[in-house]
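Reviewing the structure listed below.
Residue numbers (this note's numbering), protein chains in the order written: chain A, 1 to 362; chain B, 1001 to 1216.
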């Protein structure tokens, strides 16, 4: 857990980078600091491992005031990942990963073994461990950066725009891998980004910083999208926030109807029907017609949703369906019902009200 | 060419060659040691760098012959003491290499330095194990220039009596004996080329990472 208690940072020239900020980054969760450039988010991060000293207030790392420990010892106990990976170009990937354990004087063999495990965890092969950073792609370098930060198994990790310098496709996959990794390692993570979409995707909690080093709001991504604290947050989280918020609303109790299923060879008269195989798995939609259902007549299923998914996935499934019906699959991949627009809309309204954050009036 | 003279004087030529190697190599080593200390300090305390550059610039403009003659007076050494040559060339080497060391340290990417600090390196280990190794390609480039320059400057020492292969030039000129001059010239050239090749090899060995492009 990381606690900021009335933390401020004033630089000698008088600029206030961080202005009286208090918040908690809970244990085992990802807390994202997001905001426009120059809003103090990176400075806030740097004050945790004391690359920058606080002017007033204090920061507790797992309950201990970080100004009381030796700053180098403190840093060795905190994972640190930065934007341009900062890998040491003259050391192999393996030697990069083992940096902190070597600084700590840990057993070499055990350290190497752990480094190989970590590299595998972030998706790099043992063969790549012997290469130099310049031989890896940007995305692979960032993965090594993450493995390096994890090498001494620190409880706390600081990540300063770790995925900002890679292209959007690689960034998306790095983000997905990062979330899977976090499920595995459960670190207390403070993550800085200027990208609100990244913040919403990765954060268990999102802290929105405003110009002048103010903390404008800290909330779960869903609450942030549903109820921005002020005009600044509302404009920063963006135009599509109503739509994006759907990602954080459940759809497990949406009312499903029985699917109008049909088998290949049968006739599909009257309405759109869903062709399924013997195991009740979806094959495709069939337009209303009197003819027999054949493989050639099938329209693609498109996207489907599951009870564990979000309202966004359900809505997407309804939007792509030629029949205007979203197909819900059970955990076994079999069709267990369909939902239409109207039920989803009603469900959305109920879910919003249940969340206690009904649509903001403007 | 009088090959007979070469054969008859092979011992003399050999000892002059060895002397030439020592006189040019020792100042490179000492100059590098000096430059590493001063360069790291100048890189750390940046305000000291501009005045330092002026100072080393002034040092380098002193004509070598003048320095060879002035040093015995300043140091109280004998005029024929090889130490004069060694000290003079150390000053030149150091003056050139300080700039190289600082330039080399400047090539360390900011992200790398920031990562090293953030991961928990203390200053001295960081400079020695992270920053200087990354500066090696630039430093070796500087060493190649300095080494070749030293090999040619040692010969100037011959004018005051200690100059390795340069002594073959002075004596060759005095007695108008071309073979001696040619032998001195050829060996100087050979020495410079070999020393340079050796340094290229050293760079190749110490910086395998520097030659790699992206393979993916």
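Virtual Cβ for every residue (Gly too), placed ideally from N, Cα, C.
* Opposite residue 159 of chain A in the DSSP bridges: which residues? -> A:81, A:191
* Among A:280, A:273, A:248, which residue has its Cα nearest to the Cα of residue 351 of chain A? -> A:248
* To do: Would you please verify whether the beta carbon of residue 1212 of chain B is less than 7 Å from any beta carbon of chain C?
  => Note that chain C does not occur in the displayed structure, where the protein chains are A and B.
* Specify the secondary structure class of residue 287 of chain A as computed by DSSP and reduced to three states. => coil
* Asked: Would a check of beta-carbon distances place residue 347 of chain A closer than 7 Å to chain B?
  -> no
* Asked: Would you call the stretch 1177-1194 of chain B and the stretch 1135-1152 of chain B in contact, with 3 or more CB pairs under 8 Å?
  -> yes
* Three-state secondary structure (DSSP) of residue 1114 of chain B -> helix
* Nearest residue (CA-CA) to residue 1014 of chain B, options B:1165, B:1161, B:1176 -> B:1165
* Asked: Apart from the five residues on each side of it in sequence, which residues of its chain come closer than 6 Å, Cβ to Cβ, to residue 111 of chain A?
  -> 98, 101
* Work out the CA separation of residue 315 of chain A and residue 284 of chain A for me, nearest whole Å. => 18 Å
* Asked: Taking any Cβ of chain B, which residues in the stretch 41-65 of chain A have a Cβ under 7 Å from it, in chain order?
  -> 49, 51
* Mind listing which residues of the stretch 101-126 of chain A have their C-beta closer than 7 Å to chain B's C-betas, in chain order? -> 103
* Consider the Cβ of residue 98 of chain A: report whether some Cβ of chain B lies at a distance smaller than 7 Å. => no
* Asked: Going by the CB atoms, is the gap between residue 1084 of chain B and residue 1090 of chain B shorter than 7 Å?
  -> no
* Asked: What's the gap between the Cα of residue 1117 of chain B and the Cα of residue 1027 of chain B?
  -> 34 Å
* Pair within 7 Å by beta-carbon distance, residue 1052 of chain B and residue 1094 of chain B -> no
* Output yes if chain A places a C-beta closer than 7 Å to the C-beta of residue 1119 of chain B; else output no. => yes
* Which ranges would you report for the alpha helix (DSSP H) in the stretch 1056-1102 of chain B if only whole runs of at least 4 residues count? -> 1064-1075
* **Within 7 Å, strictly: CB atoms of residue 201 of chain A and residue 157 of chain A** => no
* Should residue 1209 of chain B be flagged as near chain A, meaning a C-beta pair shorter than 7 Å? -> yes
* **Chain-ordered residues of the stretch 1134-1153 of chain B with a beta carbon less than 7 Å from chain A** => 1134
* Asked: For residue 80 of chain A, does the count of other Cβ atoms within 10 angstroms reach 16, so buried, or fall short, so exposed?
  -> buried
* Asked: Name the chain B residues that come within less than 8 Å of residue 84 of chain A, Cβ to Cβ?
  -> 1109, 1111
* To do: Please name the residue, chosen from A:82, A:163, A:29, A:329, that lies closest to residue 1114 of chain B on a Cα-to-Cα basis.
  => A:82
* Leaving out five residues before and five after residue 1131 of chain B in sequence, what residues of the same chain have Cβ atoms less than 6 Å from its Cβ? -> 1105, 1108
* Which one of A:107, A:54, A:291, A:134 has the shortest CA to CA distance from residue 93 of chain A? -> A:134
* Who are the Cβ neighbours of residue 435 of chain A in its own chain at under 7 Å, not counting the five residues just before and after it? -> In the structure as shown, chain A begins at 1 and stops at 362. Residue 435 of chain A is therefore absent and cannot be evaluated.
* **Continuous alpha helix (DSSP H) assignments of at least 4 residues falling wholly in the stretch 197-276 of chain A** => 221-226, 231-237, 241-245
* What does residue 5 of chain A pair with, by DSSP beta-bridge criteria? -> A:58
* To do: Please confirm if the stretch 303-322 of chain A is in contact with the stretch 238-252 of chain A, defined as three or more CB-CB distances below 8 Å between the two stretches.
  => yes
* Taking 8 Å as the threshold, find out whether the stretch 252-261 of chain A comes into contact with the stretch 335-348 of chain A through three or more Cβ pairs. => yes
* Residue closest to residue 74 of chain A, alpha-carbon to alpha-carbon, out of A:84, A:272, A:103 -> A:103
* To do: Note down, in chain order, each residue of its chain lying with its Cβ closer than 6 Å to the Cβ of residue 16 of chain A, except the 5 sequence neighbours on either side.
  => 10, 213
* Asked: Using a beta-carbon distance cut-off of less than 7 Å, what residues from the stretch 64-79 of chain A approach chain B?
  -> 72, 75, 76
* Asked: List, in order along the chain, the chain B residues whose C-beta lies closer than 9 Å to that of residue 163 of chain A?
  -> Within chain B, no residue comes near residue 163 of chain A; the closest Cβ sits about 14 Å away, beyond 9 Å.
* To do: Indicate whether at least one CB of chain B lies closer than 7 Å to the CB of residue 299 of chain A.
  => no
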